[in-house]
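Position 375 of the sequence shown, counted from 1, bears residue number 375 in UniProt numbering, the numbering being contiguous throughout. All C-beta atoms, glycine included, are put in the ideal place defined by N, C-alpha and C. These numbers were taken from a predicted model, which means no experiment stands behind them.
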Amino acid sequence: MDSIMESRIIQWLHEEFEDEEVIQSESDGGEGEVQPMEQEDRHQVQEAVSEDQSSSSEDDMSLSELAQNKTRDDIYVSRNGTRWSKTCPSATRARSQNIRFRPPGPKGAARNAETPLSCFELFFDESIFEILVICTNIYIDKIQNQYQRERDAKRTDLFEMKALMGLLLGIGVSHSGRRNLNDFWDNSKGTGLQLVYCTMSINRFRFLIRVLPFDDVNDRDERRRFDKLAPIRTITQKMVKNCRDNFTPSDYLTLDEQLVGFRGRCGFIVYIPNKPDKLGIKIYMVVDTKFPYVYNFEVYAGAQSEGPFQQSNKVNDVVLRILEPLFDLGCNVTMDNYLTSLSTSLELLKKRITVVDTLKANRPELPNGFKKSRNRASKSSVFGFQPICTLVSYVPKQNRAVALLSTMHYDNAIDPETKDDRKLEIITCYNRTKCGVDILDKMCKQYSVSRNSRRWPLTLFFNYLNIAGINALIIHQLNKGQEKIVRRNFLYDISYELVKPFMARRLTFENLPRELKNKTKWLLGHTDVVPRNDPQRMGRVVKPFMVVACDGYVIDIVGPYAETQSNADIMKSLFQDEHGTFCRLFRQNDMFILDGGFRDATPFLEDLNYSVFKPESLDEGQHQLTFSQANKSRKVTVQMGSRNSHWRI
């Protein structure tokens, strides 16, 4: 299943748009974030923890005993006194933390989610939609007196809110998240998107996006005094809970930072130069490596005031807090050098979580011999061992060195697949599992629903919508097994199912233009009416049905009708309407002159005691009709052609 899912992820990343940025195969190093509140945390010296948790006799040996049994030539000593043995420990049975027996995949209600919409609603459930509706109506009631017309600021409901989310997803799939909204409703230049303009008007869409809140605005100021995330706290908590409750993670996960681009007013914006957006809102995120599923995340809000949401922003505390749901599950977490320290790694090992991560060159537990040096040969490695962790420094090229720490590996094994590069298994494991958050971030940007906004809660909400679409895709793919799923079509299906109920209700509006109503009927799958000039129509469509008197007066124009409908059925439906134009204007013995396309309606008209004239068809070898036949037919044809041309204009 791993190879199948890997090929699916590659397919989703390169789906239809080959010019997208390709994720690099190796990390570029630390994030280099500049945030004054975190400078002390980033350079804080961590004391090494020497407590041993393994059951073997060698693991029970403390670091002090290790130092006594080794000569100075057999150990490395860092500047804070941390000691590393040069000797690889003897092979022992598998460590308990390396034994995995959890089958990953959907759990609970997610196992029974069969359709794209049901998978999406696992994360954006009814409770979230109800919060959006209630909070939006509270805000609309507050500002309604600012509008002259009541209809410009009318309240919303669950159907319309789901339709709004569906439109955002549909616009995102078309790579148009930042595009001018007028293009989606403008049919004069052919830029309109039928799903969009058949669902709601542009003014209504803009109004809902503008007034969409995520909390009660009446008591927001009071909650903001002790919670910077108050405007979106409830939605965030529900989203995190839904991500945890519907998925069992695999053995390998990635802990990294996602930067949601935002340049408006916000009290906790950070700057990370190595991220694509560079400036924005930081989210600590745990993503499954085998499947790009977001299992847990935490929005960085800076220093909070004293209250229920006050918490430490020290890196070690953040790592332990965000990985807490994984305690005792027995999994491996890959992190970058910003989130790494020896003390944190050993603390996680007590909770049966192993780590593979890089170390900065200025870490106090890193001996000098593990740093870059001109004297070290290319492709060479240096190892340091403790009973429960391994330190390695690899030289990819001259005057460069990469240091890694692992509580999962206990030897100096070299990956044979790397051949002349002689990369270690620790390094190949890190390279294989480090890109979970990077892949997710790329997938978010590929079909992003985000729109330009100066409201940071709305920007975060757009990101949650992207995450929900990706998590739903993973659940759907795992439930379907080896069936190939195209992400673009998957998101379109969700978008269509969300807007469909509201679109059907909109058909009942009396003031809806006929052309728009016909297009909406076609989009909903109605077979009675198909828009004539729609570029997305299925099959050929006949001309509008015109009834013309012999003096050229157009009696009525109906249709257009689909090719699958016979002319006899069309005529029958028109004459069966007792209150329609036909029953009021025509009498028995009136003559109908029918062209060749309506010959099958002749029996029905004759049964109603109408006279029917049909120009005779040409016999084989005959090149023209008789004068009287051609004259009768030509008179009708000329009048219909001129009237039809005028009607089109």
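Val333 is not a Cβ neighbour of Thr236, given a cutoff of 8 Å. Looking at the backbone, the Cα of Lys142 and that of Pro273 are separated by about 41 Å.
With contacts defined by Cβ atoms closer than 8 Å, Tyr252 and Thr433 form a contacting pair. The beta carbon of Pro396 lies closer than 7 Å to those of Val402 in the same chain, with the five residues before and after it left out.
Its chain contains Pro364, Glu365, Leu366, Pro367 as the residues whose beta carbon lies nearer than 7 Å to that of Ser78, once the 5 sequence neighbours on both sides are disregarded; these appear in chain order.
Ser611 has its alpha-carbon roughly 16 Å from the corresponding atom of Lys572. Contact between Thr254 and Val294 does not hold, since their C-beta atoms are separated by about 11 Å, which reaches or exceeds 8 Å.
Note that the stretch 346–360 touches the stretch 323–332; at least 3 beta-carbon pairs, one per stretch, sit closer than 8 Å. Nearest C-alpha to Leu279 among Cys266, Phe291, Asn489, Thr289: Cys266. Leu359 is not a Cβ neighbour of Asn375, given a cutoff of 8 Å.
Taken in chain order, the complete alpha helix (DSSP H) segments of 4 or more residues contained in the stretch 243–293 number zero; there are none. Per the C-alpha coordinates, the member of Arg505, Thr340, Gly369 positioned closest to Asp256 is Thr340.
About 4 Å separates the Cβ atoms of Phe159 and Phe502, confirming a contact at the 8 Å cut-off. With 16 or more other Cβ atoms inside 10 Å of its own Cβ, Cys243 counts as buried. In this structure, the alpha-carbon of Pro292 lies about 16 Å from that of Ser448.
For Arg83, the enclosing beta strand (DSSP E) starts and ends at 83–85.
When secondary structure is reduced to three states using DSSP, Tyr338 falls in the coil class, being assigned neither helix nor strand. Residue pairing by DSSP places Thr358 opposite Leu404 in a beta bridge.
Taking 8 Å as the cut-off, the Cβ atoms of Ala110 and Phe247 count as close.
When secondary structure is reduced to three states using DSSP, Ser573 falls in the helix class.
Secondary structure of Gly481 (DSSP, three-state): coil. Within the model, the alpha-carbon separation for Leu181 versus Gly261 is close to 21 Å. Assignment of Gln11 by DSSP, reduced to helix, strand and coil, places it in the helix class.
If you check the CB distance, Phe309 and Phe385 do not come in under 8 Å. Under the DSSP assignment, Phe205 falls in the alpha helix (DSSP H) whose first and last residues are 202–211. Secondary structure note for Cys435: it is in no beta strand (DSSP E), with a DSSP letter that is neither H nor E.
The distance from the Cβ of Gly192 to that of Asp186 is about 6 Å, consistent with a contact at the 8 Å cut-off. By the Cβ neighbour-count rule, Ser380 is exposed, with fewer than 16 other Cβ atoms within 10 Å of its own. Ser393: member of the beta strand (DSSP E) spanning 389–394, first to last residue. Secondary structure of Asn145 (DSSP, three-state): helix. If you check the CB distance, Leu424 and Ala413 come in under 8 Å.
Your pair Ser345 and Val355 checks out as a contact, with CB atoms roughly 5 Å apart and the cut at 8 Å. According to the DSSP assignment, Ile75 belongs to the beta strand (DSSP E) that extends over 75–77. CA-to-CA, the gap between Pro457 and Val318 works out to about 22 Å. Going by DSSP, Ile322 is part of the alpha helix (DSSP H) stretching over 315–322.
Counting the other Cβ atoms within 10 Å of the Cβ of Val486 gives fewer than 16, which makes it exposed.
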